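Here the sequence shown stands for residues 53 to 269, where the numbers follow the working numbering.
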Amino acid sequence: MDLKAHYANSKQRAVEEVKEITGGGLDHLINNAAVVSHISEFKTFKDFDDDFETLEKDLLESLEINILAVIKTVQAFIPLIRQGKQKKVLSISTGMADLELINATEVDFAAPYAISKGALNVTVAKYNALYKKEGILFLAVSPGYVATERNQVEPAKEDADKVAVLVQKFVGYAPHFERPLAPAESVSAVLSVLEKSSIANGDGGAFISHLGNKQWL
Ligand SMILES: NC(=O)c1ccc[n+]([C@@H]2O[C@H](COP(=O)([O-])OP(=O)(O)OC[C@H]3O[C@@H](n4cnc5c(N)ncnc54)[C@H](OP(=O)(O)O)[C@@H]3O)[C@@H](O)[C@H]2O)c1
């Protein structure tokens with residue numbers, strides 16, 4: 053099966069189904085899907101010094117899923133957002149793409165993921181530059197560190213030490229940090245940020261956390 057054609061059709065089907073349910077408009081679009089590559093999740097640039105091809109493939113796949121798919125989704129749903137009342141498009145980002153956090157914590161692994169989410173933040177700002185005048189709010193919001201299925205899976209033995217290092221770095225960066233959020237806690241915090249944010253408040257194109265500011269943990 054041609055996978056690209058399959059996904060193009062499924063996106064169009066999703067648009068048609070939403071139209072049928074809502075009568076044509078859409079108030080909120082939330083781009084949540086993303087990939088944290090298993091290849092580079094716990095690897096640094098240095099680990100690919102002798103294997104640029106693997107790094108290239110991994111980075112391109114991260115960009116394909118974490119940005120290009122978001123752009124395709126926005127393209128598909130923007131006509132419905134225009135017809136909606138709230139006109140809000142939220143893309144889930146990560147504090148791991150915040151320059152201040154990277155420089156403060158020196159977390160050096162998972163570069164393709166962080167790069168793709170950093171580019172997502174710029175994409176959101178560019179959409180704001182384009183659509184703010186139409187009253188459409190674009191936001192990039194980090195959900196915090198969340199105990200989703202991905203983070204519940206016991207890490208492979210060789211990665212367990214790296215997870216411990218990451219948590220130590222988080223505690224050093226944010227001493228109040230005790231535990232990941234439960235998914236329901238994160239979702240309600242992100243939805244509250246979505247509800248409170250507006251173009252009138254100057255939030256268009258912002259990259260903020262589940263707390264509505266630059267506190268990522
Ligand atoms: N968990 C955290 O601590 C954390 C922190 C910061 C940011 N985030 C962000 O929060 C969002 C959700 O993360 P999560 O922890 O829930 O991750 P997750 O458990 O890995 O879930 C990722 C979701 O994205 C979907 N997805 C991945 N690749 C896809 C593709 N090519 N096409 C369609 N769907 C695809 C997956 O669908 P399938 O299940 O069908 O594969 C899954 O529903 C992501 O944007 C992530 O970057 C999470």
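Backbone N, C-alpha and C fix where the C-beta goes; we use that ideal spot for every residue, glycine too. Predicted model only: the values in this text are computed from it and were never measured.
- DSSP lists 192 as the bridge partner or partners of residue 259.
- Contact annotation: residue 81 and residue 133 have beta-carbon atoms nearer than 7 Å.
- For residue 200, the distance from the CB to the nearest heavy atom of ligand 1 is below 6 Å.
- In this structure, DSSP gives residue 159 a state outside helix and strand, which the three-state scheme calls coil.
- Per the coordinates, the alpha-carbon of residue 176 lies some 13 Å from the alpha-carbon of residue 149.
- Collapsing the DSSP output to three states places residue 78 in coil.
- Per DSSP, residue 95 is not a residue of any alpha helix (DSSP H), being assigned neither H nor E.
- Judged by DSSP in its simplified three-state form, residue 168 adopts helix.
- Sequence-distant partners of residue 198 (beyond 5 residues in either direction) whose C-beta falls short of 7 Å from its own C-beta, in its chain, are 232, 233, 235, 238.
- A residue is called buried once 16 or more other Cβ atoms fall within 10 Å of its Cβ, and residue 143 is buried on that count.
- With a threshold of 6 Å, the Cβ atom of residue 144 counts as near ligand 1, since some heavy atom of the ligand is closer than that.
- Residue 262 is classed as buried because its beta carbon has at least 16 other beta carbons within 10 Å across all chains shown.
- Annotation: the continuous alpha helix (DSSP H) that includes residue 111 extends over 104 to 115.
- The C-beta distance from residue 77 to residue 136 rounds to 4 Å, short enough to fall under 8 Å.
- For the 7 Å CB-CB criterion, residue 168 and residue 115 form a contact.
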